[in-house]
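Report on the structure given below.
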Amino acid sequence: MTQNVYGIDIGTSNIKIYSKAKGEILNEKNIITIYDKRKVYAYGDEAYEMYEKAPSDFQIIHPIRYGVIADIKNMETLLNRFIKKLRGKLQSADFCIAVPTDVTEVEKRAFHDLVKDSKVKAKNVYVIEKPVADGVGVGIDMDSPRGNLVVNFGADTTEITVLSLGGIVISKLLKTGGNRLDELICSMVRKKYNLVIGMKTAEQLKICLGNAIPEDVQDDNASKNDLPTSMKVYGRDLVKGLPVVKEILATDVCEAIAEPILSVISHIKLILERTPPELAADIIDTGIYITGGSSKLHGFDKLLHNETELTINVQEEPSECVVKGISKILETPEYSGLMFIPRERVIN
11 MTQNVYGIDI GTSNIKIYSK AKGEILNEKN IITIYDKRKV YAYGDEAYEM
61 YEKAPSDFQI IHPIRYGVIA DIKNMETLLN RFIKKLRGKL QSADFCIAVP
111 TDVTEVEKRA FHDLVKDSKV KAKNVYVIEK PVADGVGVGI DMDSPRGNLV
161 VNFGADTTEI TVLSLGGIVI SKLLKTGGNR LDELICSMVR KKYNLVIGMK
211 TAEQLKICLG NAIPEDVQDD NASKNDLPTS MKVYGRDLVK GLPVVKEILA
261 TDVCEAIAEP ILSVISHIKL ILERTPPELA ADIIDTGIYI TGGSSKLHGF
311 DKLLHNETEL TINVQEEPSE CVVKGISKIL ETPEYSGLMF IPRERVIN
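Under this note's numbering, the first residue of the sequence shown carries the number 11, and numbering increases by one thereafter.
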C-alpha cells in the first residue's frame, strides 16, 4: 500500500481522518452550515461555533445520526472539504473507513460508497469493522485467541463488543450516548428550574457537574470532591421569557443522567452473560476497555468497576482510539487482513 493513504472514522459528533503521508490526525466536528439552501457557509469546528446561534436562513446539519449516514450529500461535501484541508489538494489515494458492526448491510455499504462516489479521487476503498479498529487502537493483540471486551461510549451510540483472534465474537449497538445525556439535562433544567438552555450549555453542565456515580453511593474520596457542587448557566426564563442566569446543582445533573448510564452498564453485563466461558475467563484478566468521547464522563469507569468487579482500562484520548487503530493497521502489514473491500450489491 502506498504512502498516499487515509484512515477515516466518521462519528456522530466528530470526524477523525488519519493521513499516512503526514503522520497526523485531523479531528473536527462533523457538522456543516448551509446558507440559502445550497451554499456551504462553514464546516467542522467553525460550523459548530454557529450551532444554536445562526439565523433561520442558515441550516446547521449533522449528517451522521445514531452512527449511520443520514445525509449522504452533505457528508460527501464534508469529506471532500476535510480531505482537501488535510492534504492541500486532492490526489488519487487509498482509503480505509471504519463502519459500525451491528447495523444493516445497506448502512455498512453506505460508508464505502460515500468515499467511492465522492470527489476525493479514491483508488481503493477498504472497510474495517469499527470495534476491530478500536481494539487495535487500545493495544489489543489481534493475533491472540484471548478474549477482550471493548465498550465504545460515543455521542449517539454505545457499541459493546467481545473480540478474539482479530474478529468479533459478539456485539451490541445501543442508541444511547452523550447526546442523550445532554437532552435529559435540557429537559431537567426546563422542568426544575423553569429555564430553557441549549444543547451546548447542557454539554458544559455534563462535563463540569456530571458524575456517573449516584450521590448516595459516593464515598469521601476524589470521586466526590474534585467536582464543583453547582454551576451558573445562562438561558431564557420559561415564565418571564427574559434572559436570566441561574445556578444549577450537580445533584440534579447526576440524577438526570443516571438512567441511560445504568442502561449501558446493564447491557454490558448482558454481553458478559452471553460471552462463551473461556473468553469470559480471559476478560477477567484483561478487563474492560472503554473508548469513545462519552467514556470521559466523570465516575463512569469507577461505576463500571463497581458493577462488574473487573479492571477498567481507561484511554488517554478515548475519542481517537478507532482512528489510531486504523493508523496502526495501515502501518502494519501483518494487520492488512483486517481490512476488506465489500462485495458489490447485486440488483435482481
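Note that CB positions come from ideal geometry on N, CA and C, so glycine has one too.
Within the continuous beta strand (DSSP E) that includes Lys242, where are the two ends? Working through the sequence shown from its first residue, we reach residue 242 at position 232. 240-247 is the extent of the beta strand (DSSP E) around Lys242.
To which residues of the same chain is Lys334 closer than 6 Å at the C-beta, ignoring the five residues directly before and after it? Locating residue 334 in the sequence shown gives position 324, where the first residue counts as 1. Excluding positions up to five away in sequence, the list reads Gly147.
Which residues in the same chain have their Cβ closer than 8 Å to the Cβ of Asp67, if we skip the five residues on either side of it in sequence? For the purposes of this step, residue 67 is taken as residue 57 along the sequence shown, with counting starting at 1. Cβ neighbours of Asp67 beyond the five flanking positions: Tyr45, Asp46.
Closest to Gly309 by CA distance: which of Asp144, Val324, Ile70, Asp295 is it? As a first step, residue 309 must be located in the sequence shown, where it is residue number 299. Ranking the options by Cα distance to Gly309, first place goes to Val324.
Contacting residues, own chain, Cβ-Cβ under 6 Å from Glu317 (five flanking each side not counted): On the sequence shown, residue 317 is found 307 positions in, with the first residue counted as 1. Only Ile275 meet the Cβ criterion.
Under 8 Å between C-beta atoms of Leu289 and Val172: Residue 289 sits at position 279 when you count from the first residue of the sequence shown. Residue 172 sits at position 162 when you count from the first residue of the sequence shown. Contact: yes.
How big is the Cα-Cα spacing for Thr296 and Lys279? Within the sequence shown, numbered from 1, the residue matching residue 296 stands at position 286. Within the sequence shown, numbered from 1, the residue matching residue 279 stands at position 269. Rounded to the nearest angstrom, the two C-alpha atoms are 16 Å apart.
In chain order, each alpha helix (DSSP H) run of at least 4 residues that lies wholly inside the region 75-105: The region 75-105 is shown to contain whole alpha helix (DSSP H) runs of 4 or more residues at 82-97, in chain order.
For Gly347, count neighbouring C-beta atoms within 10 Å of its own C-beta (all shown protein chains included) and say buried if the count is 16 or more, exposed if not. On the sequence shown, residue 347 is found 337 positions in, with the first residue counted as 1. Classification for Gly347: exposed.
Rounded to whole angstroms, what is the Cα-Cα separation between Ser233 and Ser305? Position 223 of the sequence shown holds residue 233. Position 295 of the sequence shown holds residue 305. Residue placement at Ser233 is poorly supported in this model, since its pLDDT is 46, which falls under 50; the coordinates are not used for a value here.
Do you know whose CA, among His122, Tyr76, Met60, lies nearest Glu86's CA? Your numbering for residue 86 matches position 76 in the sequence shown. That would be His122, whose Cα lies nearest to the Cα of Glu86.
Are Lys95 and Leu36 touching if we call contact CB-CB under 8 Å? Translated into the one-based positions of the sequence shown, residue 95 becomes position 85. Translated into the one-based positions of the sequence shown, residue 36 becomes position 26. Yes.
Taking Ile79 and Ala120 to be in contact with their CB atoms under 8 Å, please state how far apart those CB atoms are, rounded to whole angstroms. Position 69 of the sequence shown, counted from the first residue, corresponds to residue 79. Position 110 of the sequence shown, counted from the first residue, corresponds to residue 120. Indeed, because the Cβ distance is near 5 Å, the residues count as touching under 8 Å.
What number of angstroms, rounded off, separates the C-alpha of Ile138 from the C-alpha of Thr111? As a working mapping, residue 138 is identified with position 128 in the sequence shown. As a working mapping, residue 111 is identified with position 101 in the sequence shown. Distance between the alpha carbons of Ile138 and Thr111: 9 Å.
Count the other CB atoms, across all protein chains shown, that sit within 10 Å of the CB of Phe92; report buried if there are 16 or more and exposed otherwise. In the sequence shown, residue 92 corresponds to position 82, counting from 1. Looking at its Cβ environment, which holds 16 or more other Cβ atoms inside 10 Å, Phe92 is buried.
Leaving out five residues on either side along the sequence, give the residues of the same chain with a beta carbon under 8 Å from the beta carbon of Ile113. Here residue 113 corresponds to residue number 103 of the sequence shown, with the count starting at 1. Looking at the sequence provided, one finds Val at residue 113 rather than Ile. Same-chain partners within the cutoff: Gly77, Val78, Leu183.
Using CA atoms only, rank isn't needed, just tell me which of Gly303, Leu252, Lys338, Ala143 is closest to Asn24. Taking the first residue of the sequence shown as position 1, residue 24 is located at position 14. Nearest Cα to Asn24 within the set Gly303, Leu252, Lys338, Ala143: Gly303.
Any idea what DSSP makes of Ser273, helix, strand or coil? Walking along the sequence shown from the start, residue 273 turns up at place 263. Helix at Ser273.
Uninterrupted alpha helix (DSSP H) stretches inside the region 282-354 (no shorter than 4 residues): 287-296, 310-318, 331-341
Quick test of the definition: if touching needs 3 or more C-beta pairs under 8 Å, does the region 179-197 touch the region 213-221? yes
As a quick exercise: from Glu56, Lys49, Ala31, Tyr28, pick the residue whose alpha carbon is nearest that of Lys39. Residue 39 sits at position 29 when you count from the first residue of the sequence shown. Answer by Cα proximity: Glu56.
Val179 to Ile322, Cα distance in whole Å? Here residue 179 refers to the residue found at position 169 of the sequence shown. Here residue 322 refers to the residue found at position 312 of the sequence shown. Distance between the alpha carbons of Val179 and Ile322: 20 Å.
Outcome for Gly251 when other beta-carbon atoms lying within 10 angstroms are tallied against a minimum of 16: Position 241 of the sequence shown, counted from the first residue, corresponds to residue 251. Classification for Gly251: exposed.
Under 8 Å, do Leu89 and Leu124 count as touching if we go by C-beta distance? Looking up residue 89 in the sequence shown gives position 79. Looking up residue 124 in the sequence shown gives position 114. Yes. Within cutoff.
For the alpha helix (DSSP H) holding Pro141, just list the boundary residues, first then last. Residue mapping note: residue 141 aligns to position 131 of the sequence shown, counting from 1. 140-147 is the extent of the alpha helix (DSSP H) around Pro141.
Taking Cβ positions, are Tyr58 and Ile74 nearer each other than 8 Å? In the sequence shown, the residue the question calls residue 58 occupies position 48. In the sequence shown, the residue the question calls residue 74 occupies position 64. Result no, Cβ atoms of Tyr58 and Ile74 do not sit closer than 8 Å.
Measuring only the C-alpha atoms, how far is Met349 from Cys106? Position 339 of the sequence shown, counted from the first residue, corresponds to residue 349. Position 96 of the sequence shown, counted from the first residue, corresponds to residue 106. If you take the alpha carbons of Met349 and Cys106, they lie about 8 Å apart.
The beta strand (DSSP E) with Tyr51 in it runs from where to where? Position 41 of the sequence shown, counted from the start, is the residue given in the question as residue 51. Taken as a continuous stretch (DSSP letters only), the beta strand (DSSP E) holding Tyr51 covers 49-53.
Quick one: what's got a C-beta closer than 6 Å to Ala222's C-beta in the same chain, skipping five residues either side? Your numbering for residue 222 matches position 212 in the sequence shown. So the qualifying residues of the chain are Ile271, Leu307, Gly309, Phe310, Leu313.
Backbone CA spacing between Met241 and Ile20 [nearest angstrom]: Reading the sequence shown from its first residue, position 231 is the one you call residue 241. Reading the sequence shown from its first residue, position 10 is the one you call residue 20. Taking the straight line joining both Cα atoms gives about 32 Å.
Would you tell me roughly how many angstroms separate the C-alpha atoms of Asp153 and Lys338, rounded to the nearest one? For the purposes of this step, residue 153 is taken as residue 143 along the sequence shown, with counting starting at 1. For the purposes of this step, residue 338 is taken as residue 328 along the sequence shown, with counting starting at 1. Answer to the nearest angstrom: the Cα atoms are 14 Å apart.
Member of Val15, Thr342, Lys210 whose CA lies at the smallest distance from the CA of Arg97: Within the sequence shown, the letter at position 87 stands for residue 97. Out of Val15, Thr342, Lys210, Val15 has the C-alpha closest to the C-alpha of Arg97.
Rounded to the nearest angstrom, what separates Tyr299 and Pro343 at their Cα positions? Residue mapping note: residue 299 aligns to position 289 of the sequence shown, counting from 1. Residue mapping note: residue 343 aligns to position 333 of the sequence shown, counting from 1. Using only the alpha carbons, I get a separation of about 25 Å.
Could you give the first and the last residue of the continuous alpha helix (DSSP H) run that contains Lys367? The structure shown has nothing for residue 367, since the chain only spans 11 to 358.
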